[in-house]
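At position 597 of the sequence shown the residue is numbered 597 (UniProt numbering), and the sequence of numbers has no breaks.
We put the CB at the ideal spot given by N, CA and C, even for glycine.
As the structure is a computational prediction, the values presented were derived from the model and not from experiment.
Scroll down for the structure; my scribbles are underneath it.
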Amino acid sequence: MADEGERQRRLKRQHEATGPLDDDSLYSISTQIHAGEWKGLATRLGFSAAEVSHFPIDHSFTAEQIYQMLVTWRNRQPVHVNQTEALCKALKEVGNAQLADNLTDNQPSTSKQATTQRALSCSQTPGELDDSSLYDIAEQIDANEWTRLAAKLGFNQARISHFKDNHSNVRDQINGMLVAWRKKQPGDVNQREALCKALREVGDINLADKLSEYSASDVQSLNAANICEDELKSHYDETGSFVEMNPWCDDLKKPIADMFTKLQLITGEGKTECTFESYEDMFLLKTREGKLIPMAVLSGLAGRGKTTLFGKITYDWAFGSCEVLQKYKLVFLLKMCDLKQESDLIDAVFEQLLAENTSVDRNALGSYIKMNSGKVLILLDGFDELRTTILNKSSFGSILKILNRRMCRGCTVLVSTRPSHLVRLTTKELIQQPFTHVRVMGFSEEDITEYVNKFYCDEPTKAEGLLTRIGSSDLLSVLAESPMLLLMMCSLWSEDSEFPETMSGLYHNAVDEVGKRKDVSEQEIKRVVIELGKVGLQGLLFPDQVLSFKESDFEPGVLSLALKAGILTTQRVVKGRVPHSSVQFIPKTFQEFCSALYLQNLFEVDTQEFQKILNKIMSKSPVDFEYLLRFCCGGNEACTFEILNVFLEKCKNRLSVEDRVGQLALHCYFESQCKYLPPEKFIQAVLCDSIELDGLNVDTLLSVAYFLRRVAEVSGSIHLDKIKTLTIWSCELTRSIKDIAFAMTAMTNLHDAKFIDNTANENTHVLKSLRHLPNLVSLSLCDIQFDVTTSWRMHLKELKPLQELDVSSSSLNGQDMVHVAESIKYLPNLVSLDVSLNKLVGTAASWGMYLKELKPLQRLNLSYCSLNGKDMVHVAESVKDLPNLVSLDVSLNQIVGTAASWGMHLKELKPLQRLNLRNCSLNGQDMVHVAESVKDLPNLVSLDVSS
Numbered sequence: 001m002a003d004e005g006e007r008q009r010r011l012k013r014q015h016e017a018t019g020p021l022d023d024d025s026l027y028s029i030s031t032q033i034h035a036g037e038w039k040g041l042a043t044r045l046g047f048s049a050a051e052v053s054h055f056p057i058d059h060s061f062t063a064e065q066i067y068q069m070l071v072t073w074r075n076r077q078p079v080h081v082n083q084t085e086a087l088c089k090a091l092k093e094v095g096n097a098q099l100a101d102n103l104t105d106n107q108p109s110t111s112k113q114a115t116t117q118r119a120l121s122c123s124q125t126p127g128e129l130d131d132s133s134l135y136d137i138a139e140q141i142d143a144n145e146w147t148r149l150a151a152k153l154g155f156n157q158a159r160i161s162h163f164k165d166n167h168s169n170v171r172d173q174i175n176g177m178l179v180a181w182r183k184k185q186p187g188d189v190n191q192r193e194a195l196c197k198a199l200r201e202v203g204d205i206n207l208a209d210k211l212s213e214y215s216a217s218d219v220q221s222l223n224a225a226n227i228c229e230d231e232l233k234s235h236y237d238e239t240g241s242f243v244e245m246n247p248w249c250d251d252l253k254k255p256i257a258d259m260f261t262k263l264q265l266i267t268g269e270g271k272t273e274c275t276f277e278s279y280e281d282m283f284l285l286k287t288r289e290g291k292l293i294p295m296a297v298l299s300g301l302a303g304r305g306k307t308t309l310f311g312k313i314t315y316d317w318a319f320g321s322c323e324v325l326q327k328y329k330l331v332f333l334l335k336m337c338d339l340k341q342e343s344d345l346i347d348a349v350f351e352q353l354l355a356e357n358t359s360v361d362r363n364a365l366g367s368y369i370k371m372n373s374g375k376v377l378i379l380l381d382g383f384d385e386l387r388t389t390i391l392n393k394s395s396f397g398s399i400l401k402i403l404n405r406r407m408c409r410g411c412t413v414l415v416s417t418r419p420s421h422l423v424r425l426t427t428k429e430l431i432q433q434p435f436t437h438v439r440v441m442g443f444s445e446e447d448i449t450e451y452v453n454k455f456y457c458d459e460p461t462k463a464e465g466l467l468t469r470i471g472s473s474d475l476l477s478v479l480a481e482s483p484m485l486l487l488m489m490c491s492l493w494s495e496d497s498e499f500p501e502t503m504s505g506l507y508h509n510a511v512d513e514v515g516k517r518k519d520v521s522e523q524e525i526k527r528v529v530i531e532l533g534k535v536g537l538q539g540l541l542f543p544d545q546v547l548s549f550k551e552s553d554f555e556p557g558v559l560s561l562a563l564k565a566g567i568l569t570t571q572r573v574v575k576g577r578v579p580h581s582s583v584q585f586i587p588k589t590f591q592e593f594c595s596a597l598y599l600q601n602l603f604e605v606d607t608q609e610f611q612k613i614l615n616k617i618m619s620k621s622p623v624d625f626e627y628l629l630r631f632c633c634g635g636n637e638a639c640t641f642e643i644l645n646v647f648l649e650k651c652k653n654r655l656s657v658e659d660r661v662g663q664l665a666l667h668c669y670f671e672s673q674c675k676y677l678p679p680e681k682f683i684q685a686v687l688c689d690s691i692e693l694d695g696l697n698v699d700t701l702l703s704v705a706y707f708l709r710r711v712a713e714v715s716g717s718i719h720l721d722k723i724k725t726l727t728i729w730s731c732e733l734t735r736s737i738k739d740i741a742f743a744m745t746a747m748t749n750l751h752d753a754k755f756i757d758n759t760a761n762e763n764t765h766v767l768k769s770l771r772h773l774p775n776l777v778s779l780s781l782c783d784i785q786f787d788v789t790t791s792w793r794m795h796l797k798e799l800k801p802l803q804e805l806d807v808s809s810s811s812l813n814g815q816d817m818v819h820v821a822e823s824i825k826y827l828p829n830l831v832s833l834d835v836s837l838n839k840l841v842g843t844a845a846s847w848g849m850y851l852k853e854l855k856p857l858q859r860l861n862l863s864y865c866s867l868n869g870k871d872m873v874h875v876a877e878s879v880k881d882l883p884n885l886v887s888l889d890v891s892l893n894q895i896v897g898t899a900a901s902w903g904m905h906l907k908e909l910k911p912l913q914r915l916n917l918r919n920c921s922l923n924g925q926d927m928v929h930v931a932e933s934v935k936d937l938p939n940l941v942s943l944d945v946s947s
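Structure (structure tokens):
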């Protein structure tokens with residue numbers, strides 16, 4: 001990472017050495033490019049045909065078309081590009097080698113060029129006006145009077161009309177006129193004085209006076225701004241180009257350009273609400289009168305990405321990668337946790353951003369900011385962390401005066417805060433309308449995917465695994481909306497591609513991480529959490545569950561630390577016309593987590609009070625306190641057994657795995673990671689002869705599987721032999737399949753197992769666990785996808801007691817059917833085989849012969865297998881010798897016009913009782929062959945040839 005940072009700094013120094021091409025240089029170059037070659041040049045410089053055709057629309061004169069094209073090209077160049085070399089290369093490609101050579105000859109060959117250019121700019125005639133200055137002046141000239149000024153500056157009516165024709169916006173017309181006037185001025189003319197004189201002559205005395213105030217000291221101010229700009233960009237390059245990839249390890253970083261993921265930025269309310277496509281949109285909003293809004297407040301919960309967003313803005317400005325930021329010469333990013341209400345902008349810049357040995361002159365920098373406020377962007381990060389808690393307007397320093405527009409009017413200011421301090425910030429003492437309120441909402445589902453893929457750009461398998469894990473849990477999905485917590489998840493996943501086994505473990509890590517980010521010790525954060533939990537628990541136990549509190553409900557020190565850590569937030573609300581602060585946990589699950597830690601602590605110091613509260617919870621609806629109870633059991637065996645005993649006492653009849661109460665009780669046991677089994681009566685209440693897990697989410701299935709495995713590990717089949725039927729429908733089994741399979745080995749009386757429409761990476765575990773069960777007679781593996789490997793076949797043929805096998809709709813192909821048929825021929829008791837809804841078209845020749853070995857088979861279902869006429873020949877030839885076959889279903893196969901080839905074999909199926917040929921598109925001739933064959937079947941009681 002250090003090498004990457006050094007590479008970036010070398011590129012930046014190279015850029016400073018070669019220097020960007022300034023406006024005057026580009027204008028001079030544009031006059032030397034032939035009218036017939038400039039479009040080819042534009043194409044070689046990277047412009048599309050549509051872009052090339054756009055320049056003549058905006059500018060009628062060829063020289064101006066070329067000039068604007070070159071300016072646009074220059075502004076797009078990354079910091080590492082040597083603009084002169086790139087332009088020379090393109091010029092040579094279009095045949096203008098002479099101009100390219102002239103440019104090369106005129107380019108200084110040493111790194112002193114930047115210093116030379118800067119010296120020249122500082123030694124220019126006092127009063128020279130740059131583009132930004134002219135743009136600011138254009139904004140202040142009366143739209144109805146500018147043509148008089150143009151005439152005074154020497155433009156005739158035709159040229160004035162030209163300015164109007166080239167620009168639809170009046171301000172752009174004025175700016176274009178001023179730029180054209182400046183280009184005509186000799187080098188020894190004081191442009192500012194000349195323009196002031198013309199302004200006075202047309203009666204604009206006020207603007208002339210403003211310009212006059214900026215005397216010869218503008219050179220010193222510009223010099224200070226130039227040096228400051230370089231230092232700021234170097235600082236942002238060195239400190240803001242990378243983001244931490246591990247919250248606990250500062251030296252693991254990635255470039256911010258590779259990792260930054262856009263946030264959900266929302267402004268407006270109700271019908272006026274809109275979502276910004278990017279942060280750049282914040283800089284483009286205007287008032288009803290059409291003026292840009294120079295101030296924005298970004299509010300968002302802790303960890304939502306406000307600080308990272310500001311870092312990305314400074315990065316984009318330093319490297320010139322955002323067009324909307326290019327109008328700013330100076331961008332100041334200040335941490336408000338280091339500021340007080342008296343803080344001064346210049347002091348803060350020197351303390352936080354500039355080097356100790358900087359050569360920037362304080363007074364000159366202040367003068368530049370004062371006179372060029374439109375070129376200054378100030379980013380104030382964390383108003384909620386301002387060191388002054390009680391504001392006094394008379395004590396405001398320049399930073400807060402900038403916020404209330406008493407100083408530096410015209411500069412752009414973005415300030416971030418948590419919602420708890422929004423009202424305090426947007427008061428008449430500080431920020432007033434017009435300003436843009438932007439809500440920083442964190443990541444959307446798409447953003448989460450993008451961020452994780454960026455984090456694991458070289459490990460796509462890990463990215464996919466983490467996204468699957470997050471998507472499997474509603475709670476994890478909510479937590480991942482916070483960039484801070486998502487980073488924590490990515491960091492934890494990096495090591496073992498796993499999270500802590502339990503939700504309580506994940507929340508412990510989250511709280512510890514929040515504490516580390518805010519420099520709060522682990523011991524102190526634990527104390528704060530327990531104290532918060534005391535208040536939070538009182539709220540949860542209210543009839544309607546109180547989630548908002550008063551500041552006075554908390555101890556002042558605890559409240560302050562909790563707000564600092566981001567566990568609590570406050571916002572101003574009005575009730576009965578009386579404003580007060582409302583304090584909330586972020587999110588509600590943090591209230592439940594803190595309350596649970598308080599309960600754990602209470603269990604140690606006052607067991608009787610703990611029991612009283614627990615009984616109160618259970619007397620209501622325990623499901624309403626799910627996370628409180630789960631967190632309370634986290635890593636605490638003693639609390640867990642107390643809670644399970646209360647479940648047994650209060651909810652004994654609801655402890656099955658199909659009931660939400662039973663599932664919650666198993667969640668509690670899982671969170672504890674106990675060494676011992678729950679009470680025996682609890683186990684007996686949970687287990688019954690038929691277990692059905694239908695559509696359980698991953699978290700619930702994990703808790704159920706953990707319970708079953710622990711019972712099998714500790715007690716073998718003593719409890720699990722009670723289960724006779726096990727059905728698992730529509731479940732994601734990837735994380736729990738091994739535990740379930742292990743538990744099944746102890747279900748010695750299991751006779752019916754169904755796995756339907758489940759997802760799992762490895763289904764072999766299921767068959768392996770079933771092969772020694774002496775009473776298993778029915779097995780369904782339906783609507784799943786599995787690879788019929790050698791080990792799979794080996795386990796299948798060991799299921800000797802099996803009588804019924806259903807592998808319908810399992811994506812079997814012809815080769816799979818070969819393996820299945822080879823395996824089941826060893827099953828001496830198999831009487832029913834269902835392979836319907838598998839695409840087996842044209843494959844029966846490879847597996848049909850194995851069917852004749854299934855002598856006990858009574859029922860065969862091959863419906864909807866896409867069989868054709870040739871397949872039917874192989875099937876019919878094989879099954880004709882099965883002495884016990886009473887039911888054959890080949891419905892929903894397209895075998896039209898083929899009965900002549902397989903019909904004769906049907907007459908040999910003497911035991912057959914039911915034949916299903918429904919929806920087989922049989923024609924009249926087919927029916928003749930079928931009818932002739934089945935007439936001699938003495939036991940046939942059902943024939944279906946319907947369509």
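Check the Cα spacing between residue 726 and each of 68, 711, 776 and 162: the tightest is with 776.
A distance below 6 Å between beta-carbons, with the five flanking residues on each side excluded, links residue 647 to the following residues of its chain, in chain order: 665.
Scanning 223, 449, 130 and 265 for the CA closest to the CA of residue 359 turns up 223. Residues of the same chain with a CB within less than 7 Å of the CB of residue 229, apart from the 5 flanking positions on each side, are 329 and 330 in chain order.
Annotated as distal: residue 843 and residue 869, with beta-carbon spacing of 8 Å or more. Just measuring C-alpha positions, the residue of 716, 685 and 321 sitting nearest residue 745 is 716. DSSP places residue 782 outside any alpha helix (DSSP H); the residue lies instead in the beta strand (DSSP E), whose first and last residues are 778-782. Three or more beta-carbon pairs separated by less than 8 Å link the stretch 878-888 to the stretch 845-858, which places the two stretches in contact.
Residue environment analysis places residue 161 among the exposed positions, since fewer than 16 neighbouring C-beta atoms fall within 10 angstroms of its C-beta. Residues of the same chain with a CB within less than 8 Å of the CB of residue 34, apart from the 5 flanking positions on each side, are 96 in chain order. Around the CB of residue 942, fewer than 16 other CB atoms lie within 10 Å, so the residue is classed as exposed. In this structure, the alpha-carbon of residue 514 lies about 26 Å from that of residue 390.
Apart from the 5 residues on each side of it in sequence, residue 808 sits with its Cβ closer than 6 Å to the Cβ of 782, 834, 836 and 837 in its chain, given in chain order.
Taking all protein chains shown into account, residue 463 has 16 or more neighbouring C-beta atoms within 10 Å of its C-beta and is therefore buried. DSSP places residue 538 in the helix class (H, G or I) of the three-state scheme. In this chain, residue 735 is not harboured by any alpha helix (DSSP H), its DSSP state being neither H nor E. The beta carbon of residue 752 lies closer than 6 Å to those of 725 and 778 in the same chain, with the five residues before and after it left out.
Fully contained in the stretch 798-877 are the following alpha helix (DSSP H) runs of length 4 or more, in chain order: 814-824 and 844-851. Scanning the UniProt domain "NACHT" (294-420) for uninterrupted beta strand (DSSP E) segments of 3 residues or longer gives 295-299, 330-335, 376-381 and 412-417, listed from N- to C-terminal end. DSSP, reduced to helix, strand and coil, places residue 496 within a helical segment of the structure shown. When secondary structure is reduced to three states using DSSP, residue 156 falls in the coil class, being assigned neither helix nor strand. In this structure, DSSP gives residue 31 a state outside helix and strand, which the three-state scheme calls coil. Judged by DSSP in its simplified three-state form, residue 916 adopts strand. Its chain contains 731 as the residues whose beta carbon lies nearer than 6 Å to that of residue 696, once the 5 sequence neighbours on both sides are disregarded; these appear in chain order. In the structure shown, residue 606 adopts coil according to DSSP, grouped into three states. Out of 815, 770 and 813, the CA that lies nearest to the CA of residue 805 is found in 770. Looking at the DSSP output, residue 266 sits in a beta bridge with 275 and 439. Around the CB of residue 157, fewer than 16 other CB atoms lie within 10 Å, so the residue is classed as exposed. Per DSSP, reduced to three states, the secondary structure at residue 570 is strand. As the crow flies, the alpha-carbon of residue 345 is around 9 Å from that of residue 334. Counting only residues of its own chain and dropping the five nearest sequence neighbours on each side, residue 128 has a CB closer than 6 Å to the CB of 191.
In the DSSP assignment, the residues bridged to residue 585 are 568. Scanning its chain for C-beta atoms nearer than 6 Å, with the 5 sequence neighbours on each side dropped, one finds around residue 773 the residues 750, in chain order. For residue 739 against residue 720, the beta-carbon gap comes to about 13 Å, at or over 8 Å, which does not count as contact.
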